[in-house]
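Undergrad: Pasting a structure here, questions to come.
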DNA sequence: CCACTTATTAGAATAATCTTCAATTAATCA
DNA sequence: TGATTAATTGAAGATTATTCTAATAAGTGG
C-alpha cells in the first residue's frame, strides 16, 4: 500500500487545488476568459492566497480540536510575534492570532485525540514566554473554514 | 462595472475549486489515474468536504477578525446546537464550536471593521439563549485555515 | 475636451488537463 | 486456497485552462 490518501491530505491542507473557471463562467454567465483574467489578477495582487481542501477532520486523524488561550510574559510584549513565528509552521495549528484583552495569543489546534494534544502542549506550547494557557476543547464542530460540517 | 471579483470571492469562499491532479501526480510520482481514483474515493467517503480559496481577508473587506466567547442560558444546555444552527449560515462566521468550560460556544467572526462587527453582534449574537459574550479581537492574524499569512 | 494610460471584456486557437474505460495487480476474508 | 473486493495503471476521448490578439471601457493629467 502506498498511502496515497495520506499524501493527498498533506498536499491538500495547504494547496494543490485550482479554480473551476468553466463552471464559474456558467454560474455567473460571463466569458471564461473574463473569469480567467479576474482570477489571475486576484492571485497576482495576493488577494487569493491559495486554493485548498477542507476535510472532515474526524476522518483524517484530526478529530480533536481546541482553542488555546495564552498569556505571554511581559518580557515579550514588545514583540509577541516572536512567539507566534515559532509556532506558525506547526501543522497541528490551524490558526494563530495576536489578540486584545486577557489572552494575547489564541491558537486553534487540531490533533488526533486528547493524548496527542497533550504531547503537543508539552512539546510546543510549554516554552519560554508563555506564562499561562487555558485550553477550551471543542465538543462539537459545526462550522470550520466557512464550511458547515 | 460588473464586480466580477466580488462574485468570485463569494463562490470561492465555499467551493468552486478542484484538485490539480496532474501536478500532484508529478509531485508524488504516481499515475494521474491513481490520484484521480483516490481523490474521487475521498470525495465519495466525505473525507474531503470541498475545495475552496483562502484570501488575504484585509483585501476583501473582511479585515476585522474576532473570537466571540459565549455563555448560553441553562435553559439551552439540553441542546446548544439549537443556537449554533441558527448561526451556521451566517457568512461572517468562519467557525462555530460547542465547547467545554466557561464558554459553551466559540465563534470566529470576520467583518469589514469594528463598526460592521458591532452591527453583527447586535443583529446576530444578541438573541435569546446567549446570556454573556466576550469579544477577543485579533490584532494580527499570522495563520488562518492552516495557511500562514 | 483631448490624448494617453490602464483595466476589462471577448473570440478563436492551442496546450494542457481531467475523466472514462478496460485490464492488471494487490489486498481481504471466509 | 479461492472468491471477492479494492487499488493501480495506460490509452483514448472529452473537457478545460491558457495564450494570443484585439476591442471596448474607465481613469488620469494636460
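Protein chains in written order, with my numbering: chain A, 1 to 149; chain B, 1 to 149. For glycine and all other residues, C-beta sits at the position ideal for the given N, C-alpha and C. Keep in mind it's a predicted model, so treat the numbers as computed, not measured.
Kindly say whether residue 19 (chain A), judged by its beta-carbon, lies nearer than 7 Å to any beta-carbon of chain B.
TA: Within the first chain, numbered from 1, the residue matching residue 19 (chain A) stands at position 19. Residue 19 (chain A) counts as touching chain B.
Undergrad: Which value, in whole angstroms, describes the spacing of the CA atoms of residue 35 (chain A) and residue 144 (chain A)?
TA: Locating residue 35 (chain A) in the first chain gives position 35, counting from the first residue. Locating residue 144 (chain A) in the first chain gives position 144, counting from the first residue. So the alpha carbons of these two residues sit roughly 27 Å apart.
Undergrad: Throw me the rounded Cβ distance for the residue 112 (chain B) and residue 69 (chain B) pair, which I believe falls under 8 Å.
TA: Along the second chain, read from residue 1 onward, the residue named residue 112 (chain B) stands at position 112. Along the second chain, read from residue 1 onward, the residue named residue 69 (chain B) stands at position 69. That belief does not hold up - the Cβ atoms of residue 112 (chain B) and residue 69 (chain B) are roughly 22 Å apart, past 8 Å.
Undergrad: Can you give me the Cβ contacts of residue 25 (chain A) inside the same chain, cut-off strictly under 6 Å, excluding the 5 residues immediately before and after it?
TA: To locate residue 25 (chain A), count along the first chain from 1; it is residue 25. Cβ within range, chain order: 32 and 35.
Undergrad: With 16 as the cutoff for other CB atoms within 10 Å, does residue 38 (chain B) come out buried or exposed?
TA: Translated into the one-based positions of the second chain, residue 38 (chain B) becomes position 38. Buried.
Undergrad: Tell me whether residue 142 (chain A) sits in a helix, a strand or coil according to DSSP, three-state version.
TA: For the purposes of this step, residue 142 (chain A) is taken as the residue at position 142 of the first chain. The answer is strand: DSSP assigns residue 142 (chain A) an E or B state.
Undergrad: Could you check whether residue 126 (chain A) and residue 108 (chain A) sit closer than 7 Å to each other, using their CB atoms as the reference points?
TA: Looking up residue 108 (chain A) in the first chain gives position 108. Looking up residue 126 (chain A) in the first chain gives position 126. No; because the gap between Cβ atoms is not below 7 Å, this pair is not in contact.
Undergrad: Compare the C-beta of residue 116 (chain A) with all C-beta atoms of chain B and state if any pair is closer than 7 Å.
TA: In the first chain, residue 116 (chain A) corresponds to position 116, counting from 1. No, residue 116 (chain A) lies away from the interface with chain B (no Cβ there is under 7 Å from its Cβ).
Undergrad: Which residues of the segment 116 to 137 of chain B have a Cβ closer than 7 Å to any Cβ of chain A? Give them in chain order.
TA: For the segment 116 to 137 of chain B, the residues whose beta carbon sits under 7 Å from a beta carbon of chain A are, in order, 136 and 137.
Undergrad: Can you give the Cα-Cα distance for residue 100 (chain B) and residue 135 (chain A), rounded to whole angstroms?
TA: To locate residue 100 (chain B), count along the second chain from 1; it is residue 100. To locate residue 135 (chain A), count along the first chain from 1; it is residue 135. Cα-Cα distance, rounded: 9 Å.
Undergrad: Compare the C-beta of residue 33 (chain A) with all C-beta atoms of chain B and state if any pair is closer than 7 Å.
TA: Counting from 1 along the first chain, the entry for residue 33 (chain A) is found at position 33. No, residue 33 (chain A) lies away from the interface with chain B (no Cβ there is under 7 Å from its Cβ).
Undergrad: Compute the distance between the beta-carbons of residue 13 (chain B) and residue 120 (chain A), then report whether it is under 7 Å.
TA: Taking the first residue of the second chain as position 1, residue 13 (chain B) is located at position 13. Taking the first residue of the first chain as position 1, residue 120 (chain A) is located at position 120. No, the Cβ-Cβ distance between residue 13 (chain B) and residue 120 (chain A) is not below 7 Å.
Undergrad: Taking only beta-carbon atoms, is residue 59 (chain B) less than 7 Å away from chain A?
TA: Here residue 59 (chain B) is taken as the residue at index 59 of the second chain, counted from 1. Cβ-Cβ to chain A under 7 Å: yes for residue 59 (chain B).
Undergrad: Is it buried or exposed, residue 84 (chain B), if we count other Cβ atoms within 10 angstroms and call 16 or more buried?
TA: Residue mapping note: residue 84 (chain B) aligns to position 84 of the second chain, counting from 1. Buried is the call here.
Undergrad: In this structure, what does DSSP give as the bridge partners for residue 134 (chain B)?
TA: On the second chain, residue 134 (chain B) is found 134 positions in, with the first residue counted as 1. Its beta-bridge partners are B:69.
Undergrad: Per DSSP, what kind of secondary structure is residue 128 (chain A) in: helix, strand or coil?
TA: Taking the first residue of the first chain as 1, we reach residue 128 (chain A) at position 128. Of the three classes helix, strand and coil, the one that applies to residue 128 (chain A) here is coil, per DSSP.
Undergrad: Can you list, in chain order, the residues of its chain with a C-beta nearer than 6 Å to that of residue 131 (chain A)? Leave out the 5 residues immediately preceding and following it.
TA: Position 131 of the first chain, counted from the start, is the residue given in the question as residue 131 (chain A). Excluding sequence neighbours, residue 131 (chain A) sits near 71 and 73.
Undergrad: Would you mind working out which of B:149, B:138, B:89 and B:148 sits nearest residue 124 (chain B), comparing C-alpha positions?
TA: Locating residue 124 (chain B) in the second chain gives position 124, counting from the first residue. Nearest of B:149, B:138, B:89 and B:148 to residue 124 (chain B), Cα basis: B:89.
Undergrad: In chain A, which residues lie less than 9 Å from residue 82 (chain B) when you measure between Cβ atoms?
TA: Within the second chain, the letter at position 82 stands for residue 82 (chain B). The contacting residues do not exist; residue 82 (chain B) stays about 11 Å from chain A at best.
Undergrad: Can you give me the Cβ contacts of residue 86 (chain A) inside the same chain, cut-off strictly under 8 Å, excluding the 5 residues immediately before and after it?
TA: The residue given as residue 86 (chain A) occupies position 86 in the first chain. Its chain contains 127 as the residues whose beta carbon lies nearer than 8 Å to that of residue 86 (chain A), once the 5 sequence neighbours on both sides are disregarded; these appear in chain order.
Undergrad: With the cut-off set at 7 Å, would you say residue 46 (chain B) and residue 3 (chain A) are in Cβ contact?
TA: Residue numbering aside, residue 46 (chain B) sits at position 46 when the second chain is read from its first letter. Residue numbering aside, residue 3 (chain A) sits at position 3 when the first chain is read from its first letter. No; because the gap between Cβ atoms is not below 7 Å, this pair is not in contact.
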